[in-house]
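This report concerns only the one structure given below.
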Amino acid sequence: MPMGELLDAHWTVMEYETARSLRPEYERGADELSDVLRGIIESGQALDPASYEQALRLGEDGKAKLDELLTDWDAVLTLTAPGEAPVGLGSTGDAVFCRLWSLLGCPAVTVPGLTGPNGMPIGIQLVGRRGADRDLLATAAWVGERLASSQ
Numbered sequence: 062m063p064m065g066e067l068l069d070a071h072w073t074v075m076e077y078e079t080a081r082s083l084r085p086e087y088e089r090g091a092d093e094l095s096d097v098l099r100g101i102i103e104s105g106q107a108l109d110p111a112s113y114e115q116a117l118r119l120g121e122d123g124k125a126k127l128d129e130l131l132t133d134w135d136a137v138l139t140l141t142a143p144g145e146a147p148v149g150l151g152s153t154g155d156a157v158f159c160r161l162w163s164l165l166g167c168p169a170v171t172v173p174g175l176t177g178p179n180g181m182p183i184g185i186q187l188v189g190r191r192g193a194d195r196d197l198l199a200t201a202a203w204v205g206e207r208l209a210s211s212q
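Numbering (this note's numbering), first residue to last: 62 to 212.
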């Protein structure tokens, strides 16, 4: 299954569910919400239930494929975000590398240890098997110790 399809499915699920869960806040004061959040809610309001159900089905298919892939591995190692964390508190950065794991219901943990040219952290993310949160935390502790001892 192409990763792009799964990322699109995540976006559909997120917009659809955000629109429904934040409906009262939107109705009370849409103008008080950030432009980004308001846009997500409005896009989600325009989605039909069939699109949402299709996105959920794609996620279920992805879960089955990922379960097969992770049978022989403790974790997937990936970046948490593209590049280092932004300076300041205005943004946490781009969550694109977290979206897939959210759709697939996988535990994920970011291990500190690297910094970018601005002195801000570069997140290394470990993703584990569904339901294997404790195993993932043990793996993350091991990776964290190795990163700390290498600096």
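Note that beta-carbon positions come from the ideal geometry of N, C-alpha and C, so glycine has one too.
Leucine 197 is not a Cβ neighbour of alanine 116, given a cutoff of 9 Å.
In this structure, Leu164 is the residue among Ala125, Leu164, Glu88 and Ala142 with its C-alpha nearest to the C-alpha of tryptophan 72. Valine 172 and glycine 205 do touch by the CB rule: their CB atoms are close to 5 Å apart, below 8 Å. With respect to serine 104, alanine 80 sits close: the two C-beta atoms are nearer than 9 Å. In terms of Cα proximity to tryptophan 134, the closest of Met64, Arg84 and Gly189 is Gly189.
Boundaries of the beta strand (DSSP E) harbouring threonine 139: 137-140, taken from the DSSP string. Valine 148 sits in coil when the DSSP states are folded into three classes, being neither helix nor strand.
In the DSSP secondary-structure assignment, isoleucine 185 is bridged to Leu140 and Val172. Burial of glutamate 76 is indicated by the presence of at least 16 other C-beta atoms within 10 angstroms of its C-beta. The DSSP-derived three-state label of tryptophan 162 is helix. The residues Ala91, in chain order, have a CB closer than 7 Å to that of arginine 99 in the same chain once the five nearest residues on each side in sequence are set aside. Comparing C-alpha distances from glutamine 106 to each of Gly154, Thr176, Val74 and Thr200 shows the shortest one belongs to Val74. Setting aside the 5 residues that flank it on each side, leucine 67 is surrounded in the same chain by Leu119, Gly120, Gly123, Leu161, Leu164 and Leu165, each with a C-beta closer than 8 Å to its C-beta; the list follows chain order.
Given a length threshold of 4 residues, each whole run of the alpha helix (DSSP H) inside the stretch 86-141 is given here in chain order: 96-107 and 110-130.
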